[in-house]
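Colleague:
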Amino acid sequence: MKKKAAQLAADYAGAVVFLLALWEVASLCLNKPYFPGPLESFLAFGREFAKGLWAHLLVSTARVVASLAAALVPAAVLGMILGRVERLDRYAAPLIYLTYPIPKIIFLPLVITLLGLGDISKIFLISVIVFFQILVTARDASRQVNRSMVDSVLSLGASEFQIYLHVIYPACLPKILTALRISLGTAIAVLFFSETIASRGGFGGIGYHLMEAWARLEWDVMFAGIIAMGFMGFTLYLFLEWLERRFCPWEFM
Amino acid sequence: MNKNTQVPALKDVSFNLEKGHTCAIIGPSGCGKSTLLYVLAGMLKHTGGEVTINGEPVRPKRRETALILQDYGLLPWRTALQNVSLGLEIRGFSRKEGLAAAEECMKELGIWEVRGHYPAQLSGGQRQRVAIARSLTLKPDLFLMDEPFSSLDALTREGLQNTLLEFWKKKKSTMVLVTHSIEEAVFLGQKILIFSAGPGRILHTVENGEMGDENYRNKPLFYDRCSRVREIIERGVVQR
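First to last, the sequence lines map onto chains A and B. The first sequence: position 121 = 191 (this note's numbering), numbered continuously. The second sequence: position 36 = 69 (this note's numbering), numbered continuously.
1. Under 8 Å, with one C-beta from each stretch per pair, do the segment 253-264 of chain B and the segment 204-217 of chain B reach the 3-pair mark?
2. Please report how far the alpha carbon of K44 (chain B) lies from the alpha carbon of P232 (chain B), in whole angstroms.
3. Closer than 6 Å by C-beta to W93 (chain A): which residues in its own chain qualify, once you throw out the five before and the five after it? Chain order, please.
4. Go to L70 (chain B), then tell me how far its alpha helix (DSSP H) extends in each direction, as first and last residue.
5. Tell me the rounded alpha-carbon separation between L70 (chain B) and L185 (chain B).
6. Check the DSSP bridge columns for A57 (chain B) and list the partner residues they point to.
7. With distances taken from CA atoms, which of B:N195, B:V211, B:L226, B:I123 is nearest G245 (chain B)?
8. Taking Cβ positions only, does G242 (chain B) come closer than 8 Å to chain A?
9. Do we get a CB-CB distance below 8 Å when we pair M178 (chain B) with the residues of chain A?
10. Look up P106 (chain A) in the DSSP assignment and say whether it is helix, strand or coil.
11. I'd like the list of long-range same chain contacts for L73 (chain B), defined as Cβ closer than 7 Å, with 5 residues on each side in sequence excluded.
12. Using beta-carbon positions only, say whether E144 (chain B) and Q159 (chain B) come within less than 8 Å of one another.
13. Measuring CB atoms only, is the segment 110-117 of chain A touching the segment 280-296 of chain A, in the sense that at least three cross pairs come out at less than 8 Å?
14. Could you tell me whether any non-hydrogen atom of the ligand ATP is closer than 7 Å to the CB of H213 (chain B)?
15. Rounding to the nearest angstrom, what Cα-Cα distance links L165 (chain A) and A208 (chain A) in this structure?
16. Helix, strand or coil for F231 (chain A), going by three-state DSSP, please let me know.
17. Is the distance from the Cβ of D174 (chain B) to the Cβ of V211 (chain B) below 8 Å?
18. Comparing C-alpha positions only, which one of B:G120, B:T112, B:K140 sits nearest to P152 (chain B)?
19. Name, please, each residue of chain B whose Cβ falls closer than 8 Å to the Cβ of P179 (chain A).
20. Look up G233 (chain B) in the DSSP assignment and give the residues it is bridged to.
21. I'd like to know if F304 (chain A) contacts chain B, where contact means its C-beta is closer than 8 Å to some C-beta of that chain.
22. The alpha helix (DSSP H) with L100 (chain B) in it runs from where to where?
23. Starting from L158 (chain A), trace the alpha helix (DSSP H) in both directions and tell me its first and last residue.
24. In chain order, what residues of the same chain have a beta carbon less than 8 Å from the beta carbon of H126 (chain A), not counting five sequence neighbours either side?
25. Give the secondary structure of I86 (chain B) by DSSP, where H, G and I count as helix, E and B as strand, and everything else as coil.
26. In three-state DSSP terms, what is V91 (chain B)?
27. Kindly indicate which three-state DSSP category M323 (chain A) falls into: helix, strand or coil?
28. In angstroms, rounded to a whole number, what distance separates the CA positions of S140 (chain A) and S67 (chain B)?
29. Note down, in chain order, every chain A residue with its Cβ under 7 Å from the Cβ of P109 (chain B).
30. Just the chain A side, please: which residues come within less than 9 Å of A29 (chain B) by C-beta, in chain order?
31. Chain B partners of G227 (chain A), CB-CB under 7 Å?
32. Compile a chain-ordered list of the residues in the segment 136-153 of chain B whose CB is closer than 7 Å to at least one CB of chain A.
33. Does DSSP classify E288 (chain A) as helix, strand or coil?
34. Would you call the CB atoms of L308 (chain A) and L247 (chain A) closer than 8 Å?
35. From F105 (chain A) to M150 (chain A), what distance separates their C-alpha atoms?
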């Protein structure tokens, strides 16, 4: 097991070196001030981090985490119920089908007008988007729960709540966590977008930092922001994968 | 009897099974065998007729009824031990009582060693033993089994049939076994109900009181019974 982990670490280290080399080569070939190489960018990242990028990073991470958390529980619970109670789903399904494909980001101006430029508007918008992705996944997963599994637990005398607790919830959990992981990309993209066009200054988040640097033509500072964004995405992704391993050990047999 | 739709799954099915006796139900697929089992388990409402257990009308969640399904119905996220103790956990017993009962039943079935394994890590035979152990913790007097061994290889299958037979002889619980294997029906059923294709009717009842011995499989009578059952099934199919 330990050897396996070491192998994995080596594999990832190799991939990192490869990507950095690619970056360096591209930067050398292009030879333009707006595309600095990795060394310059990471040095800038170190500098900027100490100067306040850390706070932007913290703000952005907090927003993503809050959005995912706010969407997760209601979407998962509602999805699991809709997947099991056909009568409810009959009313909900058309609503979901009509609203799911609408790109919710188009409501950004409206949301900002209603909720202001602060955290709430960003968290709300991201939550709504992630909510639908998890809702649909949870509902489909709940529909597909093996009938004989439910029946055999029912025959042991389970109540409806116990069916959710012992069968539906654990059956849906891996798929919900996968949906959460996929939603993470969307969440960060929406966060970036809303931070760039709707921030009040101060510690507006990485998106804000990036746009400021761009406006001042400080390319290395902008790349420091790009690194910060990538770092945040990667860390959160790792965290979600850890959650899955922690709470769904049977999936990794 | 309906199964949520307007097509009756069973028609004019009437039989009586004495306490402590076994009964095998065999017939073509779609003959309503499983429906009958679900009705007996109180999990499907019958739309006509009368179903009683110990003289009382059948009701859902009768504690002493154990239902064992074709694909075992084990929960993949619970270890073997956690699966076995689920029944008592659901009935509100303490963790300790649940584990103690589970240990006893698992030892009896020879699966205590694999208690920490998840169902995915178990063989088909072990999984079926876990399913049986789970139902045993509730001390059932009525076993309802829906093709419990159909996905096992021949040797494992016979091994489990022997285990089941031993169990039945020891505990004297009532067993209803739905199967599509003629040999299994003859080996385990004191009474063999042969169903017609849907809507299921009882074509014939074969009395098979001589079962109950592990060596029954090697006796000429066993072969006679098997060919008799096969003949009735085939005739029933030709008639349609």
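We treat Cβ as the ideally placed atom computed from N, Cα and C, and that holds for glycine. These numbers were taken from a predicted model, which means no experiment stands behind them.
Modeller: Quick answer:
1. As far as the Cβ criterion goes, the segment 253-264 of chain B touches the segment 204-217 of chain B, which means the pair count is three or higher.
2. Start at 1 with the first residue of the second sequence, and residue 44 (chain B) comes out as number 11. Start at 1 with the first residue of the second sequence, and residue 232 (chain B) comes out as number 199. Cα to Cα, the separation comes out at about 6 Å.
3. Position 23 of the first sequence, counted from the start, is the residue given in the question as residue 93 (chain A). Taken in chain order, the residues that qualify are P108.
4. Working through the second sequence from its first residue, we reach residue 70 (chain B) at position 37. Where L70 (chain B) is concerned, the enclosing alpha helix (DSSP H) stretches over 66-73.
5. Position 37 of the second sequence, counting from 1, holds the residue named residue 70 (chain B). Position 152 of the second sequence, counting from 1, holds the residue named residue 185 (chain B). The alpha-carbon atoms of L70 (chain B) and L185 (chain B) are separated by roughly 21 Å.
6. Taking the second sequence and counting its residues from 1, the one referred to as residue 57 (chain B) is at position 24. Answer is B:L210, B:I225, bridged to A57 (chain B).
7. What you label residue 245 (chain B) is simply residue 212 of the second sequence in a count that begins at 1. Minimum Cα distance to G245 (chain B) is reached at B:N195.
8. Translated into the one-based positions of the second sequence, residue 242 (chain B) becomes position 209. G242 (chain B) does not count as touching chain A.
9. Here residue 178 (chain B) is taken as the residue at index 145 of the second sequence, counted from 1. False, the Cβ-Cβ gap to chain A never drops below 8 Å.
10. Here residue 106 (chain A) is taken as the residue at index 36 of the first sequence, counted from 1. Three-state result, P106 (chain A): coil.
11. Taking the first residue of the second sequence as 1, we reach residue 73 (chain B) at position 40. Closer than 7 Å at Cβ, skipping near neighbours: V84, V91, L177, V209.
12. Counting from 1 along the second sequence, the entry for residue 144 (chain B) is found at position 111. Counting from 1 along the second sequence, the entry for residue 159 (chain B) is found at position 126. A small correction: the amino acid at residue 144 (chain B) is Ile; Glu does not occupy that position in the sequence shown. It is a contact, given that the beta carbons lie within the stated cut-off.
13. Output reads yes: the segment 280-296 of chain A touches the segment 110-117 of chain A.
14. Questions concerning the ligand ATP fall outside what the structure shown contains, since it holds no ligand whatsoever.
15. To locate residue 165 (chain A), count along the first sequence from 1; it is residue 95. To locate residue 208 (chain A), count along the first sequence from 1; it is residue 138. So the alpha carbons of these two residues sit roughly 16 Å apart.
16. Position 161 of the first sequence holds residue 231 (chain A). DSSP, read as helix, strand or coil, puts F231 (chain A) in helix.
17. The residue labelled residue 174 (chain B) in the question sits at position 141 within the second sequence. The residue labelled residue 211 (chain B) in the question sits at position 178 within the second sequence. No; because the gap between Cβ atoms is not below 8 Å, this pair is not in contact.
18. One-based indexing of the second sequence puts residue 152 (chain B) at position 119. Closest option to P152 (chain B), Cα to Cα, is B:T112.
19. Along the first sequence, one-based indexing puts residue 179 (chain A) at 109. Simply none; closest approach about 44 Å.
20. Position 200 of the second sequence, counting from 1, holds the residue named residue 233 (chain B). G233 (chain B) has B:L43 as its beta-bridge partners, per DSSP.
21. Here the question's residue 304 (chain A) lines up with position 234 in the first sequence. Answer no: the Cβ-Cβ gap between F304 (chain A) and chain B never drops below 8 Å.
22. Position 67 of the second sequence, counted from the first residue, corresponds to residue 100 (chain B). Per DSSP, L100 (chain B) lies in no alpha helix (DSSP H); the unbroken beta strand (DSSP E) holding it starts and ends at 98-101.
23. Position 88 of the first sequence, counting from 1, holds the residue named residue 158 (chain A). It spans 156-169 - the alpha helix (DSSP H) in which L158 (chain A) sits, taken as one unbroken run.
24. Here residue 126 (chain A) is taken as the residue at index 56 of the first sequence, counted from 1. Counting only Cβ-Cβ distances below 8 Å, and skipping sequence neighbours, we find F273, G274, G275, I276, Y278, H279, G295, A298.
25. For the purposes of this step, residue 86 (chain B) is identified with residue 53 of the second sequence, where counting begins at 1. I86 (chain B) falls in the strand class under three-state DSSP.
26. As a position in the second sequence, residue 91 (chain B) is number 58, starting the count at 1. Coil, per DSSP.
27. As a first step, residue 323 (chain A) is located in the first sequence; it is residue number 253 there, counting from the start. It is coil, neither helix nor strand.
28. As a working note, residue 140 (chain A) is residue 70 in the first sequence. As a working note, residue 67 (chain B) is residue 34 in the second sequence. Position check: residue 140 (chain A) holds Ala in this sequence, whereas Ser was assumed. Distance between the alpha carbons of A140 (chain A) and S67 (chain B) is about 44 Å.
29. Walking along the second sequence from the start, residue 109 (chain B) turns up at place 76. The answer, in chain order, is W320.
30. In the structure as shown, chain B begins at 34 and stops at 273. Residue 29 (chain B) is therefore absent and cannot be evaluated.
31. On the first sequence, residue 227 (chain A) is found 157 positions in, with the first residue counted as 1. In chain order: K94, R96, I123, R124.
32. Y151, A153
33. Translated into the one-based positions of the first sequence, residue 288 (chain A) becomes position 218. For E288 (chain A), the three-state secondary structure derived from DSSP is coil.
34. Reading the first sequence from its first residue, position 238 is the one you call residue 308 (chain A). Reading the first sequence from its first residue, position 177 is the one you call residue 247 (chain A). Going by C-beta atoms, L308 (chain A) is not nearer than 8 Å to L247 (chain A).
35. Locating residue 105 (chain A) in the first sequence gives position 35, where the first residue counts as 1. Locating residue 150 (chain A) in the first sequence gives position 80, where the first residue counts as 1. F105 (chain A) and M150 (chain A): Cα-Cα distance of roughly 47 Å.
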